[in-house]
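Numbering of the sequence shown is given in the numbering used here, commencing with residue -14 and proceeding in unit increments.
Before any comments, here is the structure.
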Amino acid sequence: MAKPETLGCTKGMMDAPKVIGIIKRSFKFGRVRHAQWMLTRRCNYRCRGCNVWTDQEGIELSTDEVKRGLDVLRDLGVLEIVFSGGDPLIRDDIGEILERASRNFITTVYDNGSMAVEKMESLRNVDFVAISIDTLDQKKNDYLKGVPGAWKRAMNAVDILKSEGIPVGVSPTISQQNLYEIIDFTKYFINRGIPVWYCFYWYDYPFENRIFSIGKKSDEYEIADAKALAEVYTTLIEMKKENSNIYITNKTLTALRQLALTGTRIWSCKALSNFLVVDHIGRVAGCHNREPVGSIFKLPELWNSPRFRELRREYSKCANCGYLCYIFYSVHDGLSGTIEILRDQWENAKIYVKEIKAKTSA
Ligand code: SF4
Ligand code: SF4
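Below you can see the structure in the form of structure tokens.
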């Protein structure tokens, strides 16, 4: 799925060495914490708000190259990787990639709902599988995804993965198309013990030479009722007091509400500082809207370069997108940001610690 998103250390079950590695890396200063890896441009869906499927370039990094890239990211300090695309599960080697990534990173993978059941064995190690569903209205969902049967396949995938004990949740993209349904949608899933992890529709700002085109400008999707959007955020903050399956932090929701109400940002963008993206051919950029700044294999020598420092300064002043994941990564910057996330997700953390104890004493 072409929708970047968030960290939740507590989403799934991690083994002890991995947790220790992540904790050690979180204390290192000046490191990048989040990576979004768009493993492929290939996709079998035709979503109306997406540019990816209109240009399905077949060239991709090999399995070994992806593995080498993962080692580079680990050594740089990355804690969390979100795999998207295209649909990353379309790759034949996705099992090998996810197994390797899951050893060191909090690993999330997106699926449009069409591949997760078929690739279920590949998903056993990941911390979270996000299945894209935008609405409970089957007809509307299939219209938005551009293929018949998308809703049924996605709902079926959620049920089957859950019954198999794979940490699965649903990921709606909030847009004008589902704005007035988002709260009911959230209630429907959290009442069934299924986490909800949001994306927010935004079309790509016309920068030159962007690394990976995702959001297509669409009047159907663009938010026309900012007040209703702000109310959604307020309601989610309230609902989070009672249910920990709403995977978005209060700080992010507060920042989003402010943006919706006043157009002002209470954060500065941390592209190429707290987060970065990697594309299907191994190029790195601050975000998918920005130009490629080098190969993933050159990152160790580039990370502290004057050029990267200059780019960070430039990106920190940018306000040209509202992709929810980038806002989340920017709002929760550095070690203090990671601690804030853990504090926000404390209920999930307690469950997780209990599971670790049970596992280690078994
Ligand atoms: S948004 Fe839809 S069309 Fe675009 S990559 Fe994701 S599933 Fe495919
Ligand atoms: S605000 Fe940040 S994430 Fe968004 S386009 Fe600008 S640099 Fe990229």
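Quick reminder that beta carbons are idealized off the backbone N, C-alpha and C, glycines included.
Note that the structure is predicted; figures quoted are calculated from it, not measured.
Point to revise | Cα-Cα separation, Val4 to Glu84 | key: Rounded to the nearest whole angstrom, the C-alpha separation of Val4 and Glu84 is 16 Å.
Review point. Just how far apart, CA to CA, sit Arg349 and Leu296?
Key: Outside the modelled stretch of the chain, which goes from -14 to 347, sits residue 349, for which no answer is possible.
Point to revise | Range of the contiguous alpha helix (DSSP H) that encloses Ser229 | key: Segment: none, Ser229 is in no alpha helix (DSSP H) and carries neither H nor E.
Check your understanding: His19 bridges to which residues according to DSSP?
Key -> According to DSSP, which records beta bridges pairwise, His19 is partnered with Glu65 and Phe260.
Review point. What residue does the beta strand (DSSP E) around Thr92 start on, and which one ends it?
Key: Here the beta strand (DSSP E) through Thr92 covers Ile91 to Asp96.
Exercise for review: Compute the beta-carbon to beta-carbon distance between Leu261 and Phe185, rounded to the nearest angstrom, for a pair I have assumed lies under 8 Å.
Suggested key: Phe185 and Leu261 do not touch by the CB rule: their CB atoms are close to 20 Å apart, not below 8 Å.
**Study point:** Every unbroken beta strand (DSSP E) within the region 120 to 202, with a cutoff of 3 residues, ordered by chain
**Key:** Counting only unbroken stretches of 3 or more residues, the beta strand (DSSP E) elements lying wholly within the region 120 to 202 are 153 to 156, in sequence order.
Exercise for review: Round the Cβ separation of Met100 and Asp72 to the nearest angstrom and send it over; I've been treating them as touching at under 8 Å.
Suggested key: That pair is a contact at about 6 Å.
Check your understanding: Name the DSSP bridge partner or partners of Ala115?
Key -> Here Ala115 is bridged, per DSSP, to Tyr95 and Gly154.
Review point. Can you give the Cα-Cα distance for Ile312 and Glu81, rounded to whole angstroms?
Key: One C-alpha to the other measures close to 30 Å.
Check your understanding: Can you tell me the Cα-Cα spacing of Ala142 and Gly70, whole angstroms?
Key -> Cα-Cα distance, rounded: 19 Å.
Review point. Would the region 92 to 111 and the region 146 to 166 be scored as touching if the rule is three or more Cβ pairs under 8 Å?
Key: Between the region 92 to 111 and the region 146 to 166, the count of Cβ pairs shorter than 8 Å is three or higher; the stretches touch.
Check your understanding: Where DSSP assigns a beta bridge to Ala270, which residues make up the other side?
Key -> For Ala270, which the question treats as bridged, DSSP gives the partners Val262.
Practice item. Flag Ala20 as yes when its Cβ comes closer than 7 Å to any non-hydrogen atom of ligand 2, and as no otherwise. Key: Checking the Cβ of Ala20 against ligand 2 gives no.
**Study point:** Option in Tyr128, Gly154 and Gln41 with minimal Cα separation from Leu108
**Key:** Ranking the options by Cα distance to Leu108, first place goes to Gly154.
Practice item. Could you spell out the range, first to last residue, of the alpha helix (DSSP H) harbouring Pro291? Key: Residue range Pro291 to Ser301 is occupied by the alpha helix (DSSP H) that includes Pro291.
**Study point:** Run of the alpha helix (DSSP H) containing Arg328, from where it starts to where it stops
**Key:** Counting along the chain, the unbroken alpha helix (DSSP H) around Arg328 starts and ends at Gly319 to Asp329.
Exercise for review: Give me the Cα-Cα distance between Glu193 and Lys201, rounded to the nearest whole angstrom.
Suggested key: Distance between the alpha carbons of Glu193 and Lys201 is about 15 Å.
Point to revise | Run of the alpha helix (DSSP H) containing Gly6, from where it starts to where it stops | key: For Gly6, the uninterrupted alpha helix (DSSP H) run begins and ends at Ala1 to Ser11, by DSSP.
Exercise for review: Take Asp78 and list the residues in its own chain whose beta-carbon comes closer than 6 Å to its own, dropping the five residues that flank it on each side.
Suggested key: If you ignore the 5 residues before and after Asp78, its C-beta comes within less than 6 Å of the C-beta of Thr48, all in its own chain and listed in chain order.
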